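Take any residue in the sequence shown, note its place counting from 1, add 31, and you have its number in my numbering.
C-beta: ideal position from N, C-alpha, C; glycine also.
Note that the structure is a prediction, hence the values are computed from the model and not measured.
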Amino acid sequence: MTIMMTDISPDILHEIQATLPELRKLDTRKNIGPLPPEEVQRWSMLYARVLELFGQKYEALGEQRRALRLPFRVKVNYIIDSEHFHAMSHDISMSGIAVDFSRAISLNAPARMEIGIGSSRFLGLWKRPSFHVEGEVRWVSQQANRIGFEFLNLKESHRKLIQDAMFREIEHKIALCEGATASYE
(Lines of atoms letter the chains of each structure in order from A and count residues from 1; the text may use other names and numbers.)
(Lines give C-alpha, C1' and ligand atoms only; values in the text may rest on other atoms or scores of the structure.)
Protein backbone atom coordinates (compact mmCIF):
# COMPACT_ATOMS: atom_id res chain seq x y z
CA MET A 1 0.00 0.00 0.00
CA THR A 2 1.34 3.40 -0.97
CA ILE A 3 0.93 6.19 1.55
CA MET A 4 -0.51 9.37 0.11
CA MET A 5 2.04 12.18 0.50
CA THR A 6 -0.40 14.95 -0.31
CA ASP A 7 -4.00 15.46 -1.18
CA ILE A 8 -3.19 17.83 -4.05
CA SER A 9 -5.14 16.99 -7.18
CA PRO A 10 -3.34 16.11 -10.42
CA ASP A 11 -4.73 19.33 -11.94
CA ILE A 12 -3.16 21.44 -9.18
CA LEU A 13 0.15 19.54 -9.56
CA HIS A 14 0.09 20.28 -13.28
CA GLU A 15 -0.69 23.95 -12.58
CA ILE A 16 2.21 24.22 -10.11
CA GLN A 17 4.57 22.61 -12.60
CA ALA A 18 3.36 24.85 -15.43
CA THR A 19 3.93 28.02 -13.36
CA LEU A 20 7.44 27.10 -12.11
CA PRO A 21 9.20 29.06 -14.89
CA GLU A 22 7.16 32.15 -13.97
CA LEU A 23 7.90 31.71 -10.26
CA ARG A 24 11.61 31.28 -10.97
CA LYS A 25 11.67 34.41 -13.13
CA LEU A 26 9.81 36.47 -10.51
CA ASP A 27 12.00 35.07 -7.73
CA THR A 28 15.18 35.94 -9.62
CA ARG A 29 13.96 39.50 -10.20
CA LYS A 30 12.77 39.76 -6.58
CA ASN A 31 16.26 38.92 -5.35
CA ILE A 32 17.78 41.63 -7.52
CA GLY A 33 15.43 44.40 -6.45
CA PRO A 34 11.86 45.25 -5.50
CA LEU A 35 8.98 44.06 -7.65
CA PRO A 36 5.84 46.07 -8.39
CA PRO A 37 2.99 45.22 -5.96
CA GLU A 38 1.06 43.14 -8.51
CA GLU A 39 4.15 40.99 -9.17
CA VAL A 40 4.79 40.58 -5.43
CA GLN A 41 1.21 39.38 -5.09
CA ARG A 42 1.68 36.91 -7.97
CA TRP A 43 5.00 35.69 -6.50
CA SER A 44 3.29 35.17 -3.11
CA MET A 45 0.44 33.21 -4.66
CA LEU A 46 2.75 30.96 -6.68
CA TYR A 47 5.02 30.44 -3.66
CA ALA A 48 2.05 29.49 -1.45
CA ARG A 49 1.01 26.92 -4.06
CA VAL A 50 4.51 25.40 -4.08
CA LEU A 51 4.51 25.17 -0.28
CA GLU A 52 1.36 23.00 -0.52
CA LEU A 53 3.64 20.29 -1.96
CA PHE A 54 5.52 20.11 1.33
CA GLY A 55 2.44 19.87 3.55
CA GLN A 56 0.77 22.05 6.18
CA LYS A 57 3.80 21.81 8.45
CA TYR A 58 5.68 24.12 6.06
CA GLU A 59 2.97 26.65 5.16
CA ALA A 60 4.42 29.15 7.65
CA LEU A 61 7.62 29.34 5.57
CA GLY A 62 5.77 31.67 3.22
CA GLU A 63 4.78 34.21 5.84
CA GLN A 64 6.45 37.60 5.46
CA ARG A 65 9.33 36.26 3.39
CA ARG A 66 11.42 38.36 1.12
CA ALA A 67 12.83 35.23 -0.52
CA LEU A 68 11.54 31.83 -1.52
CA ARG A 69 12.35 29.47 1.37
CA LEU A 70 11.93 25.71 1.17
CA PRO A 71 12.49 22.72 3.43
CA PHE A 72 15.90 21.46 2.36
CA ARG A 73 18.34 19.11 4.09
CA VAL A 74 22.04 19.61 3.38
CA LYS A 75 25.20 19.43 5.45
CA VAL A 76 26.37 22.76 6.86
CA ASN A 77 29.69 23.32 8.60
CA TYR A 78 30.16 26.67 10.24
CA ILE A 79 32.63 28.52 12.42
CA ILE A 80 31.71 31.09 15.05
CA ASP A 81 34.42 32.58 17.27
CA SER A 82 36.92 29.90 16.14
CA GLU A 83 34.54 27.13 17.25
CA HIS A 84 33.57 24.58 14.59
CA PHE A 85 30.01 23.26 14.26
CA HIS A 86 28.47 20.62 12.01
CA ALA A 87 24.73 20.60 11.38
CA MET A 88 21.99 19.73 8.93
CA SER A 89 19.84 22.43 7.42
CA HIS A 90 16.07 22.62 7.88
CA ASP A 91 15.35 25.12 5.15
CA ILE A 92 17.16 27.41 2.75
CA SER A 93 16.62 30.50 0.65
CA MET A 94 18.87 32.77 -1.34
CA SER A 95 19.02 35.07 1.68
CA GLY A 96 19.73 32.54 4.43
CA ILE A 97 19.60 29.10 5.96
CA ALA A 98 18.22 27.51 9.13
CA VAL A 99 20.21 24.70 10.75
CA ASP A 100 19.89 22.34 13.69
CA PHE A 101 20.43 24.01 17.05
CA SER A 102 23.63 22.88 18.76
CA ARG A 103 24.05 25.38 21.59
CA ALA A 104 23.25 28.95 22.50
CA ILE A 105 24.88 31.36 20.08
CA SER A 106 24.68 35.13 20.23
CA LEU A 107 22.47 37.01 17.82
CA ASN A 108 24.40 38.85 15.11
CA ALA A 109 27.44 36.61 15.64
CA PRO A 110 29.44 36.43 12.41
CA ALA A 111 29.84 32.98 10.89
CA ARG A 112 31.85 31.38 8.13
CA MET A 113 29.85 28.60 6.52
CA GLU A 114 30.48 25.73 4.16
CA ILE A 115 27.28 24.46 2.58
CA GLY A 116 27.08 21.23 0.62
CA ILE A 117 24.53 21.85 -2.09
CA GLY A 118 23.98 20.63 -5.59
CA SER A 119 25.35 17.35 -6.85
CA SER A 120 27.85 16.16 -9.37
CA ARG A 121 29.20 12.85 -10.52
CA PHE A 122 32.89 12.07 -10.29
CA LEU A 123 34.32 8.64 -11.18
CA GLY A 124 30.87 7.12 -11.00
CA LEU A 125 30.16 8.44 -7.50
CA TRP A 126 27.69 11.17 -6.58
CA LYS A 127 29.08 13.94 -4.43
CA ARG A 128 27.77 17.21 -3.11
CA PRO A 129 30.10 20.06 -3.92
CA SER A 130 30.19 22.78 -1.32
CA PHE A 131 30.61 26.52 -1.30
CA HIS A 132 31.75 28.96 1.34
CA VAL A 133 29.81 32.01 2.45
CA GLU A 134 29.90 34.53 5.26
CA GLY A 135 26.80 34.91 7.37
CA GLU A 136 25.32 36.28 10.56
CA VAL A 137 23.11 34.68 13.18
CA ARG A 138 19.68 36.32 12.86
CA TRP A 139 17.64 34.15 15.21
CA VAL A 140 18.11 31.31 17.65
CA SER A 141 15.31 29.11 18.96
CA GLN A 142 16.13 26.35 21.37
CA GLN A 143 12.42 25.45 21.40
CA ALA A 144 12.30 25.08 17.59
CA ASN A 145 15.78 23.47 17.63
CA ARG A 146 17.02 25.92 14.99
CA ILE A 147 19.52 28.65 14.30
CA GLY A 148 18.87 31.03 11.40
CA PHE A 149 21.69 32.61 9.43
CA GLU A 150 21.49 35.44 6.94
CA PHE A 151 23.95 35.18 4.07
CA LEU A 152 26.25 38.16 3.60
CA ASN A 153 27.71 39.02 0.19
CA LEU A 154 26.47 35.84 -1.47
CA LYS A 155 28.09 35.43 -4.89
CA GLU A 156 25.79 35.33 -7.90
CA SER A 157 27.07 31.84 -8.77
CA HIS A 158 26.05 30.66 -5.27
CA ARG A 159 22.61 32.28 -5.61
CA LYS A 160 22.13 30.36 -8.84
CA LEU A 161 23.33 27.14 -7.23
CA ILE A 162 20.82 27.57 -4.39
CA GLN A 163 17.99 28.51 -6.73
CA ASP A 164 18.74 25.56 -9.05
CA ALA A 165 18.75 23.16 -6.08
CA MET A 166 15.49 24.61 -4.74
CA PHE A 167 13.69 24.26 -8.05
CA ARG A 168 15.03 20.70 -8.50
CA GLU A 169 13.56 19.96 -5.05
CA ILE A 170 10.20 21.40 -6.12
CA GLU A 171 10.23 19.29 -9.29
CA HIS A 172 11.17 16.23 -7.24
CA LYS A 173 8.25 16.88 -4.87
CA ILE A 174 5.88 17.22 -7.83
CA ALA A 175 7.08 13.88 -9.20
CA LEU A 176 6.64 12.21 -5.79
CA CYS A 177 3.14 13.66 -5.43
CA GLU A 178 2.22 12.58 -8.96
CA GLY A 179 3.45 9.06 -8.21
CA ALA A 180 1.48 8.93 -4.98
CA THR A 181 -1.63 10.23 -6.73
CA ALA A 182 -1.23 7.75 -9.60
CA SER A 183 -1.00 4.80 -7.19
CA TYR A 184 -4.52 5.58 -5.97
CA GLU A 185 -6.09 5.74 -9.41
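Query                                                                                                    : Result
Beta-carbon spacing of residue 125, residue 177 below 7 Å                                                : no
Reduced DSSP secondary structure (H/G/I, E/B, other) of residue 193                                      : helix
Cβ separation of residue 140 and residue 111, assumed to be a contact under 8 Å, to the nearest whole Å  : 5 Å
Contact between the region 196 to 215 and the region 65 to 85 (3+ Cβ pairs under 8 Å)                    : yes
Residue from 76, 167, 75, 174 with nearest C-alpha to residue 138                                        : 167
Contiguous beta strand (DSSP E) assignments of at least 3 residues, all confined to the region 75 to 125 : 106 to 111, 114 to 123
Span separating the alpha-carbon of residue 42 from that of residue 209                                  : 10 Å
Cβ separation of residue 180 and residue 147, assumed to be a contact under 8 Å, to the nearest whole Å  : With a Cβ gap of about 15 Å, residue 180 and residue 147 do not count as contacting.
Member of 131, 102, 143, 99 whose CA lies at the smallest distance from the CA of residue 113            : 143
Per-residue DSSP class, three states only, for residue 54                                                : helix
Own chain residues within Cβ distance below 6 Å of residue 98, not counting five before or after         : 124, 125, 126
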